[in-house]
Amino acid sequence: MSSPTSKGVAVVTGAAQGIGKAIALRLADDGFDVAINDISLDAKITKLREVQAEIIQKGRRCGIFPGDVSNEEDVKRIVEGAVHMLGGLDVMVANAGVCPTASVLDYTVEQWDRTFAINTRGVFLCYQYAARQMIKQGRGGRIIGCSSSLGKQAMPMLSLYAATKSAIRGLTQGAALDLGKFGITVNAYAPGVVDTELSREIMGRQGNMEEVIKMNVARSAIDHIGKPEDMAGFVAYLASQEARYMTGQTVGINGGWCFD
Numbered sequence: 001m002s003s004p005t006s007k008g009v010a011v012v013t014g015a016a017q018g019i020g021k022a023i024a025l026r027l028a029d030d031g032f033d034v035a036i037n038d039i040s041l042d043a044k045i046t047k048l049r050e051v052q053a054e055i056i057q058k059g060r061r062c063g064i065f066p067g068d069v070s071n072e073e074d075v076k077r078i079v080e081g082a083v084h085m086l087g088g089l090d091v092m093v094a095n096a097g098v099c100p101t102a103s104v105l106d107y108t109v110e111q112w113d114r115t116f117a118i119n120t121r122g123v124f125l126c127y128q129y130a131a132r133q134m135i136k137q138g139r140g141g142r143i144i145g146c147s148s149s150l151g152k153q154a155m156p157m158l159s160l161y162a163a164t165k166s167a168i169r170g171l172t173q174g175a176a177l178d179l180g181k182f183g184i185t186v187n188a189y190a191p192g193v194v195d196t197e198l199s200r201e202i203m204g205r206q207g208n209m210e211e212v213i214k215m216n217v218a219r220s221a222i223d224h225i226g227k228p229e230d231m232a233g234f235v236a237y238l239a240s241q242e243a244r245y246m247t248g249q250t251v252g253i254n255g256g257w258c259f260d
């Protein structure tokens with residue numbers, strides 16, 4: 001069982017840094033025990049251990065479950081490991097993703113397949129295995145996926161990423177309809193430009209990073225790019241009881257960079 005003072009157990013994928021890390025820490029602040037995941041690279045494991053230490057300092061339990069979310073056996077092991085160690089599963093945050101940049105003229109089939117495997121199949125597998133566990137428990141739950149504002153408004157050199165994130169919107173709607181009868185809500189957050197290592201790497205590929213930031217701020221309603229904590233605050237709401245009547249939605253958290 002989760003600890004007596006716990007609000008429940010959350011799994012967060014892609015939690016070694018950036019938005020995933022911020023979400024894991026925020027859910028711990030809100031009283032959840034947290035299972036954190038990222039790929040099985042030494043640098044990522046080191047970062048996961050740092051996140052784990054921060055969560056434990058907050059008085060919450062935390063387990064590390066490395067793995068590739070595009071691999072079904074890895075996702076099964078992540079969910080089963082979280083349940084075994086922490087006592088159940090109440091919130092799944094399918095956050096992990098990658099973002100190659102190229103013209104549609106230049107993407108390879110291998111890039112296409114790998115990006116869809118991580119960004120789309122990975123979210124599907126997290127949704128599916130989390131839902132099966134939540135149904136088994138019989139107390140409902142919250143399933144939350146990472147889409148992107150680029151899934152609603154594409155940009156040059158990012159068509160592949162945009163396609164994978166647009167797919168999350170349809171998956172989230174369909175899953176919400178399938179799972180509502182079990183007391184499970186399914187929603188997604190769609191970040192805009194957020195100040196993370198990944199975003200800065202992507203912007204660096206597009207040219208002068210500071211100029212790319214200025215360009216994105218200029219087209220937004222708010223005069224700065226987002227922070228990981230901005231995304232984490234919204235995910236915390238989706239994970240809460242206050243969001244019990246919200247399902248099937250993909251909500252842009254982008255400072256007015258684009259609108260539905």
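Quick note on numbering: full-length UniProt numbering labels position 183 of the sequence shown as 183, and the sequence is numbered without any gaps. We put the beta carbon where it would ideally sit given N, CA and C, even for glycine.
Rounded to the nearest angstrom, the Cβ distance from residue 255 to residue 218 is 11 Å, too far for a contact under 8 Å. Taking every protein chain shown into account, the CB of residue 60 has 16 or more other CB atoms within 10 angstroms, so this residue is buried.
In this structure, DSSP gives residue 33 an extended state, which the three-state scheme calls strand. The DSSP-derived three-state label of residue 216 is helix.
DSSP links residue 94 through a beta bridge to 145. Counting every other CB atom within 10 Å of its CB across the protein chains shown gives residue 74 a total of 16 or more, marking it as buried. For residue 120, the CB contacts under 6 Å within the same chain, skipping 5 residues up- and downstream, are 164 and 167 in chain order. Within 10 angstroms of the beta-carbon of residue 58 lie fewer than 16 other beta-carbons, which makes it exposed. Excluding its 5 nearest sequence neighbours in each direction, residue 111 has C-beta neighbours in its own chain below 6 Å: 100, listed in chain order.
Residue range 184–191 is occupied by the beta strand (DSSP E) that includes residue 191.
Secondary structure within the region 69–116: the beta strand (DSSP E) runs of 3 or more consecutive residues, fully enclosed, are 91–94 (chain order). With fewer than 16 neighbouring CB atoms inside 10 Å of its own CB, residue 260 falls in the exposed class. The residues 63, in chain order, have a CB closer than 6 Å to that of residue 85 in the same chain once the five nearest residues on each side in sequence are set aside. Apart from the 5 residues on each side of it in sequence, residue 12 sits with its Cβ closer than 8 Å to the Cβ of 20, 23, 24, 27, 34, 35, 36, 37, 93 and 95 in its chain, given in chain order.
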